[in-house]
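Below you'll find the structure, written out as C-alpha cells, and then a few comments.
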Amino acid sequence: MIREMKQHIKERKLAWTVKFIIEPNQQNVYDEFCKQLLSSNQPSTLYGRQQSENKQLRCTISQYTDEYKLIINQFDETMKGKYTKIIQLERIQNERWQMQYLAHWKDFRKRLNENTEKLLYHGCPESAAKLIIEDCFNRSFAGVNGTLYGVGVYFSSNASYSHGYTKSNIKGERCMFVARVLVGKTTQGNAHMKIRPLGFDSTTDGNHIFVTYHDAQAYAEYLITYK
Numbered sequence: 043m044i045r046e047m048k049q050h051i052k053e054r055k056l057a058w059t060v061k062f063i064i065e066p067n068q069q070n071v072y073d074e075f076c077k078q079l080l081s082s083n084q085p086s087t088l089y090g091r092q093q094s095e096n097k098q099l100r101c102t103i104s105q106y107t108d109e110y111k112l113i114i115n116q117f118d119e120t121m122k123g124k125y126t127k128i129i130q131l132e133r134i135q136n137e138r139w140q141m142q143y144l145a146h147w148k149d150f151r152k153r154l155n156e157n158t159e160k161l162l163y164h165g166c167p168e169s170a171a172k173l174i175i176e177d178c179f180n181r182s183f184a185g186v187n188g189t190l191y192g193v194g195v196y197f198s199s200n201a202s203y204s205h206g207y208t209k210s211n212i213k214g215e216r217c218m219f220v221a222r223v224l225v226g227k228t229t230q231g232n233a234h235m236k237i238r239p240l241g242f243d244s245t246t247d248g249n250h251i252f253v254t255y256h257d258a259q260a261y262a263e264y265l266i267t268y269k
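Just so you know, we're using this note's numbering here: the sequence shown kicks off at 43 and counts up by one.
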C-alpha cells in the first residue's frame, strides 16, 4: 500500500482515507507509516522490506497482494493479447546488488538534485535471467540484440517492446524483469557509443528506450514469468 500511495502522491491523486486500529503495544505504527510514506532519502522500493521478510534470493509474491496487482496491472497495460497466463511474480532480493544500486541512487540524487529513477522493463531468455539475478545486468553481454542506441544494457517503459526480446523455454514460458533504472541525464544514442557520452549518464531513443553503461545503474526488482 505504501508503494501505491507514493505513486498517487507523485501523480497528485490524493483522495486517500486511511484508518488505524492501534493495539496498546503498537503505538509507533502511525509514526512508522508516515515515515515510510514521506521519506525521500532512498528509493521507495528498497526500504528494508526484503531483508525483514526472508533471505531468499527469489521470493514469490502472492497474487492476492496489492504488490502483485500493482506490478501486473502495469505490465498488462501494453501486454494485453500478447500472453495468456501469468505463471508467477518474483521479487529479487540480491542484497549486495541492492547496496550497490542504493549507493548510485544517492549519488545521482545529490549530483542532479532530482530523482531520475524510472520503472522499466527488460526482456531476456530464461538462462540470461538466472545470470542477471545472481550477478546484475552485466554489460559484457551488450550487443547481443543490437546496439542501435549505444553499447549498453537496454530497457524500455513499454513491456510489449521488451516482450520481443524474450524467448520461450521448453514449457512455453517467458521472462521479463521490472527494473529500477537510474537514467540520470540522458541524451540521444547511436550505434557508435561504446561508453556513456561525457556529461551524460545514459542514452535514449527519445521515446521509451534507455541504455545504461554501469552494471549497478539498474536493479532488477521483479521477475515476471508468463506464457
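Glycine included, every Cβ here is placed at the ideal spot set by N, Cα and C.
Only a predicted model underlies this, so the values are computations on that prediction, with no experimental measurement involved.
| Check | Outcome |
| --- | --- |
| Same chain, Cβ closer than 8 Å to residue 239, five either side skipped, listed in chain order | 229 and 245 |
| Segment contact, 8 Å Cβ cut-off, at least three pairs: the stretch 203-212 with the stretch 141-149 | no |
| Under 8 Å between C-beta atoms of residue 198 and residue 256 | no |
| Cβ-based neighbour list, residue 254, same chain, cut-off 6 Å, excluding 5 preceding and 5 following | 194, 195, 244 and 260 |
| Three-state class that DSSP yields for residue 199 in the structure shown | coil |
| Exposed unless 16 or more other CB atoms sit within 10 angstroms - verdict on residue 121 | buried |
| Span separating the alpha-carbon of residue 117 from that of residue 234 | 32 Å |
| Unbroken alpha helix (DSSP H) run spanning residue 146, endpoints | 137-154 |
| Status (buried if at least 16 other CB within 10 Å, exposed otherwise) for residue 218 | buried |
| Euclidean distance between Cα positions of residue 8 and residue 192 | The requested residue 8 is not part of the displayed model; the chain covers only 43 to 269. |
| Residue 223 beta carbon less than 8 Å from that of residue 160 | yes |
| CA-to-CA distance, residue 262 to residue 110, given in whole angstroms | 16 Å |
| Rounded C-alpha distance that separates residue 108 from residue 114 | 10 Å |
| Counterpart residues of residue 216 in DSSP-defined beta bridges | 268 |
| Residue range of the unbroken alpha helix (DSSP H) whose run includes residue 252 | No alpha helix (DSSP H) holds residue 252; the beta strand (DSSP E) holding it covers 251-254. |
| Residue 170 classed as buried or exposed, judged by whether at least 16 other C-beta atoms fall within 10 angstroms | buried |
| Closest Cα partner of residue 264 within the set 136, 123, 124 and 125 | 136 |
| Contact set for residue 142: own chain, Cβ-Cβ below 7 Å, skip 5 residues either direction | 258 |
| Backbone CA spacing between residue 20 and residue 168 [nearest angstrom] | Absent from the structure is residue 20, since the part of the chain shown begins at 43 and ends at 269. |
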